[in-house]
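**Student:**
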Amino acid sequence: MPLAKTAFSVYVIASANTLDEAVLDATRNLVDLLTTMTHGTFNEYDAINLLSLAGNLQVCQVVDPLKTVRFELNLHYLKQLGITLE
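Each residue of the sequence shown is one higher than the last, beginning at -5 in this note's numbering.
As structure tokens, this is what we get:
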């Protein structure tokens, strides 16, 4: 899964034929990241709730055949969950 990290946030990037598909892919990937990196102590329901409250979905581009989005989550939340990204 394409992933970008800044000093403040992590971004999961997804491209698909439609914006809807790209949004679903980015959301699934970020949920998977959260649940996998917490070794299942943070479940899918909790991850979706966190993304609903603190996530920031952004459209990157829609002019190419594939549409691209990124889903941002502040690193503060990862730290609270004990997740570190190197």
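Every residue, glycine too, gets a C-beta built ideally from N, C-alpha and C.
1) Would a C-beta distance cut-off of 7 Å place K(-1) and L67 closer than the cut-off?
2) If you run the structure through DSSP and keep just helix, strand and coil, what is A16?
3) If we ignore side chains and look at the alpha-carbon of each, how far apart do F36 and G76 end up?
4) Using CA atoms only, rank isn't needed, just tell me which of N23, D14, L60 and N50 is closest to E38.
5) So V25 packs on L45, CB below 8 Å; how close in whole Å?
6) Along the alpha helix (DSSP H) that carries I42, what are the first and last residues, could you check?
7) On the CB-based measure, 16 or more other CB atoms within 10 Å of its CB, does G49 come out buried or exposed?
8) Is Q51 helix, strand or coil by DSSP?
**Tutor:** Looking at the coordinates:
1) no
2) helix
3) 11 Å
4) N23
5) 7 Å
6) E38 to A48
7) buried
8) The identity of residue 51 in the sequence shown is Leu, whereas the question assumes Gln. Three-state result, L51: strand.
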